[in-house]
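Protein chains in written order, with the numbering used here: chain H, 144 to 481; chain L, 144 to 481. Glycine included, C-beta positions come from ideal geometry on N, C-alpha and C. Note that the structure is predicted; figures quoted are calculated from it, not measured. See structure below.
2 protein chains.
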Amino acid sequence: MSAKTLTENEVLQKIERAFRRQGIGAAKALKLSIGDDAALLRQHAKHEEILTCDWSLEGTHFLRDQHPADSVGWKCLARAVSDIAAMGGQPTCFLLSLALPASHTGRWFEEFLGGLVRASRTLRCPLAGGDTTKRNEILINIMVAGSVPAGRAVLRSGAKPGDLIFVSGVLGEAEYELHKLRASKAQIAPKSIELRRHLYPEPRLALGQWLAEKQIANAMMDLSDGLSSDLPRLCAASGVGARIMAAKIPIHGNTRALVKRRNERLQLALHGGDDYELLFTISPAKAKRLASKFRGLPLTCIGEITGSRNILLIDETGRETRLAAAGWDPFRGASQKR
Amino acid sequence: MSAKTLTENEVLQKIERAFRRQGIGAAKALKLSIGDDAALLRQHAKHEEILTCDWSLEGTHFLRDQHPADSVGWKCLARAVSDIAAMGGQPTCFLLSLALPASHTGRWFEEFLGGLVRASRTLRCPLAGGDTTKRNEILINIMVAGSVPAGRAVLRSGAKPGDLIFVSGVLGEAEYELHKLRASKAQIAPKSIELRRHLYPEPRLALGQWLAEKQIANAMMDLSDGLSSDLPRLCAASGVGARIMAAKIPIHGNTRALVKRRNERLQLALHGGDDYELLFTISPAKAKRLASKFRGLPLTCIGEITGSRNILLIDETGRETRLAAAGWDPFRGASQKR
């Protein structure tokens with residue numbers, strides 16, 4: 144940590160230097176990035192544009208003394224890009240709004256930029272601009288612009304009764320890792336493999352684009368707050384209900400091995416946040432032709448869309464209960480998870 | 144203030160209700176606004192897109208107990224739209240990232256939305272989406288997307304030696320009003336006329352668009368941090384210097400009447416922030432044909448661009464001094480104004 148206080152111009156210069164190698168050429172669309180009043184870009188004429196933004200706030204989304212700065216940098220961008228994946232698009236560029244304590248303009252800031260630059264390169268989403276200021280807490284807001292062929296974006300509102308409900312990957316692992324991180328109370332090493340899903344989520348861009356461009360999915364969203372919170376949002380937007388089968392919800396082998404009680408594993412998968420997997424619905428005819436994996440990523444049918452407005456969970460004995468949202472809701476105060 | 148804690152969905156519903164009357168039709172470009180993973184828009188094929196974002200943070204950009212919530216709502220959008228004006232563009236839509244204490248989801252929030260909706264309507268910049276969360280402090284980030292005919296955006300980097308330097312309107316009034324507000328220590332009434340420039344700035348959209356579309360200005364930016372901070376940024380981006388004349392800097396009649404000492408008035412105009420006027424440079428040939436007003440807004444030549452890298456101020460006796468940046472720099476800590 145540096146005791147020296149940087150000026151706003153010096154903070155901007157550090158950001159510029161960290162991203163210099165990206166080159167404006169990294170995104171042909173980007174005509175002008177940091178250094179002017181605003182960024183300038185030229186969108187593909189036959190595409191629609193996607194705009195999304197996400198808070199990443201100290202204390203709310205990460206812990207200053209526990210989360211590695213490298214992971215904070217990676218995850219703040221990955222989380223916002225996940226919304227682009229959820230529409231079936233590809234990212235064009237992003238804006239970084241950053242408020243930092245003077246004490247964090249040194250090493251913390253460099254490690255943060257390291258993770259952010261790596262995410263930017265991996266997700267092909269160059270920096271286009273932003274706003275910086277000083278603050279006693281670390282506040283981040285990321286805006287991502289993306290692009291999707293006109294008419295191909297997959298909305299939350301397209302689910303139809305009879306559609307089958309799918310999720311990509313496995314659920315609950317990021318939440319399980321967060322519990323481990325909280326329990327450890329120590330500073331976590333950057334690039335920690337055992338907390339990889341929590342620290343370095345990977346937006347499902349390729350899957351989202353494939354489902355959109357081939358017009359396979361009727362409705363789609365990303366799972367950021369937990370299935371029990373997000374599925375009702377998709378259903379509400381579509382004016383439908385859902386029946387999901389507890390036994391079908393995909394849980395990672397690690398979680399199976401480490402979380403002994405079956406019910407606990409299920410709770411993690413139902414209510415755990417930060418998975419950034421895709422939740423999508425497909426007509427039964429198209430679902431028949433869907434492979435069980437997309438480029439190695441499991442695609443699992445967990446239930447079906449119904450014409451009622453209820454969200455029902457069928458347990459392993461066949462008993463039907465209403466699924467209560469118990470995922471992440473900042474305004475409800477403390478999470479209501481067990 | 145409401146003691147009841149709203150859920151995130153209820154906060155979103157309040158925002159949706161406040162903006163419902165705007166209709167998606169308010170911006171033909173906007174295909175999908177709040178309620179999905181992201182916003183979706185179709186940009187004009189022959190236009191380039193402008194993206195910008197701005198923090199508005201309690202304690203840094205406004206005072207929770209003194210600034211009327213209505214003004215906070217107006218100003219957070221107006222400030223960001225001013226960057227669109229500075230490129231010569233028109234706004235398309237905006238994203239609202241909002242973090243609120245539970246105690247401020249009642250009356251404060253409604254007044255905030257009142258000012259924000261009015262700014263949105265006045266500036267023709269509909270809400271397209273955003274992100275909300277709970278926080279002990281009021282944090283706002285606004286992202287605005289805009290549009291400008293391809294190749295017509297006016298950058299900071301286009302100033303040439305010999306160009307004349309112009310500013311729109313008058314400078315220093317918003318800063319003077321801020322001093323008054325700070326001194327009063329009372330809660331300020333919404334729509335207070337005497338603090339109008341500080342509470343309800345008006346981005347110079349029509350002027351910016353005219354200067355861009357007619358290809359009149361070589362370089363342009365908006366004055367948000369004060370002339371002494373912003374002019375050096377324009378000069379640095381263009382690789383030039385400047386000579387400005389103290390006697391020519393436009394100061395409002397109110398300020399003249401109320402601030403007795405001439406030097407104090409000049410300091411306000413040189414270093415005061417939050418003017419949101421446009422600073423632009425024009426070739427001498429085009430400057431000859433420029434009227435002294437644009438739709439009633441004064442346009443004043445304050446100096447010229449030079450080939451050196453210095454920013455010089457010529458005082459009323461003809462003495463030349465280097466102009467030191469003393470405007471707003473959050474990372475420099477307390478403002479260095481007198």
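Asked	Found
At a Cβ threshold of 7 Å, is H/S290 touching chain L?	no
What in chain H is Cβ-close to L/E191, meaning under 8 Å?	K174, L183, L184, R185
Note the first and the last residue of the continuous alpha helix (DSSP H) segment covering L/S214.	212–230
Could you tell me which of H/R264, H/L342, H/Q410, H/G294 sits nearest to H/Q358, measuring between CA atoms?	H/G294
Give a yes or no on whether 7 Å exceeds the smallest Cβ distance from H/C196 to chain L.	yes
Judging by CA-CA distance, which residue of L/G396, L/E201, L/P211, L/A242 is the nearest neighbour of L/L155?	L/A242
Cβ atoms of L/V287 and L/S227: under 7 Å apart, would you say?	Note on identity: in this sequence residue 227 of chain L is Ile, with Ser being the wrong assignment. Yes.
Using CA atoms only, rank isn't needed, just tell me which of H/R339, H/G232, H/T265, H/L206 is closest to H/I281.	H/L206
At a Cβ cut of 9 Å, what residues of the region 312–339 of chain H count as close to chain L, listed as they run along the chain?	none
How should L/P234 be labelled, buried or exposed, when 16 other C-beta atoms within 10 angstroms of its C-beta is the threshold for buried?	buried
Among H/R164, H/A181, H/V402, H/R160, whose alpha-carbon lies nearest the alpha-carbon of L/S290?	H/A181
Just reading off the beta strand (DSSP E) that L/R452 is part of, what are its end residues?	From DSSP, L/R452 is part of no beta strand (DSSP E); its letter is neither H nor E.
Comparing C-alpha positions only, which one of H/I392, H/E420, H/G396 sits nearest to H/A412?	H/I392
When you compare each of L/L338, L/P333, L/G315, L/K334 to L/A326 by their alpha carbons, which one comes out closest?	L/L338
Return the residue from the list L/N397, L/G439, L/E159, L/E318 that minimises the CA-CA distance to L/L259.	L/E159
Short of 8 Å Cβ to Cβ, which residues in the region 418–444 of chain H face chain L?	none
Please confirm whether L/N284 has its beta-carbon closer than 7 Å to some beta-carbon of chain H.	yes
So which of H/L256, H/R222, H/F423, H/D213 has the shortest CA-CA distance to H/A355?	H/F423
Would you mind listing the beta strand (DSSP E) stretches within the region 332–395 of chain H that are 3+ residues and don't spill past its ends, in chain order?	362–366, 384–388
With burial defined as no fewer than 16 other Cβ atoms inside 10 Å of the residue's Cβ, what is the status of L/D208: buried or exposed?	exposed
Count Cβ pairs between the region 265–281 of chain L and the region 301–319 of chain H that sit closer than 8 Å; are there 3 or more?	no
Comparing the C-beta of L/L298 with each C-beta of chain H, is any distance below 7 Å?	yes
H/N284 lies in the beta strand (DSSP E); which residues open and close that run?	282–292
Which residue from L/I308, L/L183, L/M230, L/L456 puts its Cα closest to that of L/A390?	L/L456
Give, in chain order, every residue of the region 215–240 of chain L whose Cβ lies closer than 7 Å to some Cβ of chain H.	D226, I227, A229, M230, L238, S240
Using alpha carbons as the reference points, say which of H/W353, H/S263, H/P244, H/D213 lies closest to H/R438.	H/W353
L/G272 touches chain H at which residues, Cβ-Cβ below 7 Å?	L194, T195
Would you say the region 438–451 of chain H touches the region 375–384 of chain H, given that touching needs at least three Cβ pairs under 8 Å?	yes
With distances taken from CA atoms, which of L/L194, L/G178, L/D418 is nearest H/G178?	L/L194
Just the chain L side, please: which residues come within less than 9 Å of H/M364 by C-beta, in chain order?	D179, D180
H/G415: which of H/W198, H/A172, H/R163, H/Y319 sits nearest, CA to CA?	H/Y319
Beta-carbon within less than 7 Å of L/L350's beta-carbon, same chain only, minus the 5 sequence neighbours each way: which residues are those?	S311, L421, F437, L440
Would you say H/A137 lies against chain L (beta-carbon separation less than 7 Å)?	The requested residue 137 of chain H is not part of the displayed model; chain H covers only 144 to 481.
Do we get a CB-CB distance below 7 Å when we pair L/A379 with the residues of chain H?	no
What three-state label does DSSP hand L/V310 in the structure shown?	strand
Are the Cβ atoms of L/S225 and L/Y343 separated by less than 7 Å?	no
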